[in-house]
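Going down the list, the protein sequences come from chains A and B. Mapping of the first sequence onto our numbering: residues 2 to 202, in sequence order. Mapping of the second sequence onto our numbering: residues 2 to 202, in sequence order.
Number of protein chains: 2
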Amino acid sequence: MKILFSPFSPYVRKCLVAAHELGLDGRITLLPSNAHPVNRDRDIIANNPLGKVPTFFTDDGQVLYDSRVICEYLNDLAGGTLVPKTGPARWETLTLQSLGDGMLDAALLARYEDVARPEALRWKDWRAAQLDKVETSLGWLEQHSGSLEARVDLGSLTLACALWYLDLRFQEFGWRDRHQGVARWQAQFSQRRSLGMSWSL
Amino acid sequence: MKILFSPFSPYVRKCLVAAHELGLDGRITLLPSNAHPVNRDRDIIANNPLGKVPTFFTDDGQVLYDSRVICEYLNDLAGGTLVPKTGPARWETLTLQSLGDGMLDAALLARYEDVARPEALRWKDWRAAQLDKVETSLGWLEQHSGSLEARVDLGSLTLACALWYLDLRFQEFGWRDRHQGVARWQAQFSQRRSLGMSWSL
Chain A
2 MKILFSPFSP YVRKCLVAAH ELGLDGRITL LPSNAHPVNR DRDIIANNPL
52 GKVPTFFTDD GQVLYDSRVI CEYLNDLAGG TLVPKTGPAR WETLTLQSLG
102 DGMLDAALLA RYEDVARPEA LRWKDWRAAQ LDKVETSLGW LEQHSGSLEA
152 RVDLGSLTLA CALWYLDLRF QEFGWRDRHQ GVARWQAQFS QRRSLGMSWS
202 L
Chain B
2 MKILFSPFSP YVRKCLVAAH ELGLDGRITL LPSNAHPVNR DRDIIANNPL
52 GKVPTFFTDD GQVLYDSRVI CEYLNDLAGG TLVPKTGPAR WETLTLQSLG
102 DGMLDAALLA RYEDVARPEA LRWKDWRAAQ LDKVETSLGW LEQHSGSLEA
152 RVDLGSLTLA CALWYLDLRF QEFGWRDRHQ GVARWQAQFS QRRSLGMSWS
202 L
């Protein structure tokens, strides 16, 4: 199996963390890519017309994206338990994944505003609103941090990747002071081997 | 069941189209909302900290988001066939859904650039890159338009909603001239009752 890789993409990381949890990461070859929101990588586009990473190649020759599809495929391939098969637990896990992905989507838009967009065209209110999405999400998680304790699934792993990205790009955001329950959960959960890994080409 | 509704959200539409296909739309109450990327709706946030629509309430009291989770829940509830249960057909359907969602994500970012962002802060290259994502996706679909014919699933329905949104907001984009196979498919597929519906509060 192969994946178009970028070391700082939280969505690529999410796939590799899931693969590690499932014992599959050693079977996935990392391929170079240059995804960019404006200067689009034509080599990615040849396989995934959205031009985004992660883009994944199965051993059967299927091309899969985005991270949600890839992670579910890997879970299925390994016969894993990262996504409950049905019932309320499935919808809860997938909604927690949506929350983590939504935090990441917002953080990435704030990041593009900071580094991709020409300085004269940056809009403070847009950036603030994106980070407010992250903040209100953390507020919700703080209220529910007790229920995070026991879970190792695609929801909690996505969330851990979202927090990883905040630490990577938005250190000044300082979320831990305001959301101490989430911070405690993260400190413990990130002891997992999968979350301590770093991948490179 | 209830859904936080907005008449021009393509993701809300996708859920209602899927519900209609599954014979469930009559059981879903539409609730008003005022989602906005910058002026965030605190009433939505109370239920979904990302502040986005669709946000969905099951009869058991679960809150589900985003559209992918909601559509799969509805398919499961109805015992439907909009998402194959496993195997390559499942990953193909879900990847097609990702493509349609990715086209929509890009189109929405272009739309925000056009109408939400103050005129002096608009970045032409960003808008162009977003619409180029749509264009390269349509190019891929054009090459694969033959394989679209037979399918009625979450992939093809998402795609139809993406094209609906292009017609709603980007009429000048004029994609049909460049992608005539997709245009033919859409003309036929949009005859389905679900895709001809319009919902309002």
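By construction, the Cβ of each residue, glycine as well, lies at the ideal position given by its N, Cα and C atoms.
Quiz item: Under three-state DSSP, which class holds A/V54?
Solution: Taking the first sequence and counting its residues from 1, one reaches residue 54 of chain A at position 53. DSSP places A/V54 in coil when its eight states are reduced to three.
Quiz item: Using the beta-carbon count (16 or more within 10 Å), is A/R179 buried or exposed?
Solution: On the first sequence, residue 179 of chain A is found 178 positions in, with the first residue counted as 1. That one is exposed.
Quiz prompt | Reference B/F190, options B/S148, B/A111, B/A79 and B/S7, closest by Cα | solution = By one-based count along the second sequence, residue 190 of chain B stands at place 189. The option with the nearest alpha carbon to B/F190 is B/S148.
Quiz item: Which partner residues does B/K3 have in the DSSP bridge list?
Solution: Within the second sequence, numbered from 1, the residue matching residue 3 of chain B stands at position 2. Bridge partners of B/K3: B/T30 and B/F58.
Quiz item: Given that A/G23 touches chain B, what residues does it touch there, using C-beta distances under 8 Å?
Solution: On the first sequence, residue 23 of chain A is found 22 positions in, with the first residue counted as 1. Going by the sequence as given, residue 23 of chain A is Leu instead of Gly. The premise fails here: A/L23 is roughly 16 Å from chain B at the closest Cβ pair, so nothing lies under 8 Å.
Quiz item: What residues in its chain sit with their C-beta under 7 Å from that of B/S201, if we drop five residues either side in the sequence?
Solution: Here residue 201 of chain B is taken as the residue at index 200 of the second sequence, counted from 1. Result list for B/S201: P8, in chain order.
Practice problem: Taking C-beta pairs closer than 7 Å, name the residues in chain B that A/V70 reaches, listed in chain order. | Solution: For the purposes of this step, residue 70 of chain A is taken as residue 69 along the first sequence, with counting starting at 1. Near A/V70 (Cβ distances below 7 Å), the residues of chain B are W92, L95, T96 and S99.
Practice problem: Within the stretch 51-126 of chain A, note down every full alpha helix (DSSP H) run reaching 4 residues or more, in order along the chain. | Solution: 68-79 and 88-116
Self-check item: Boundaries of the alpha helix (DSSP H) in which B/Q187 is found, first to last residue
Solution: Residue mapping note: residue 187 of chain B aligns to position 186 of the second sequence, counting from 1. First-last of the alpha helix (DSSP H) with B/Q187: Q181 to F190.
Quiz item: Are the C-beta atoms of A/G80 and some chain B residue less than 9 Å apart?
Solution: The sequence position of residue 80 of chain A within the first sequence is 79, counting from 1. Output row for A/G80: interface = no.
Exercise. Following the continuous alpha helix (DSSP H) through A/G24, name the residue where it begins and the one where it ends.
Key: Sequence index remark: in the first sequence, residue 24 of chain A carries index 23 (1-based). No alpha helix (DSSP H) contains A/G24, which DSSP labels as neither H nor E.
Quiz item: Hey, A/A163 and A/P11 are a contact pair by Cβ (cut 8 Å); roughly how many whole angstroms apart?
Solution: Within the first sequence, the letter at position 162 stands for residue 163 of chain A. Within the first sequence, the letter at position 10 stands for residue 11 of chain A. At roughly 7 Å, the Cβ-Cβ gap stays under 8 Å, so A/A163 and A/P11 are in contact.
Exercise. Kindly list, in the order they appear in chain B, the residues whose Cβ is closer than 8 Å to that of A/K53.
Key: Residue 53 of chain A sits at position 52 when you count from the first residue of the first sequence. Within chain B, the residues near A/K53 are G103.
Quiz item: Taking the alpha-carbon positions, what's the A/G156 to B/A151 distance?
Solution: If you number the first sequence from 1, residue 156 of chain A lands on position 155. If you number the second sequence from 1, residue 151 of chain B lands on position 150. Roughly 34 Å between the two C-alpha positions.
Quiz prompt | Rounded C-alpha distance that separates B/G27 from B/L17 | solution = The residue given as residue 27 of chain B occupies position 26 in the second sequence. The residue given as residue 17 of chain B occupies position 16 in the second sequence. Each residue's alpha carbon lies about 10 Å from the other.
Quiz item: How many whole angstroms separate the CB atoms of A/A108 and A/F6, which I take to be in contact at a CB cut-off of 8 Å?
Solution: Counted from its first residue, the first sequence places residue 108 of chain A at position 107. Counted from its first residue, the first sequence places residue 6 of chain A at position 5. Between A/F6 and A/A108 the Cβ distance is about 20 Å, and since that is not below 8 Å, they are no contact.
Quiz prompt | Neighbourhood of A/I71 by C-beta, 7 Å cutoff - its chain only, sequence neighbours within 5 removed | solution = Against the first sequence, residue 71 of chain A aligns to sequence position 70. Counting only Cβ-Cβ distances below 7 Å, and skipping sequence neighbours, we find C16, P55, F57 and L65.
Quiz item: Does the separation of the CB atoms of A/L25 and A/A79 fall below 9 Å?
Solution: The residue labelled residue 25 of chain A in the question sits at position 24 within the first sequence. The residue labelled residue 79 of chain A in the question sits at position 78 within the first sequence. Contact: yes.
Exercise. Say whether chain B places a C-beta atom closer than 9 Å to the C-beta of A/P89.
Key: Against the first sequence, residue 89 of chain A aligns to sequence position 88. Taking Cβ atoms only, chain B reaches closer than 9 Å to A/P89, which makes this a yes.
Quiz item: Could you give the residue range of the alpha helix (DSSP H) that holds A/G1?
Solution: With chain A covering 2 to 202 only, the question about residue 1 of chain A has no answer from this structure.
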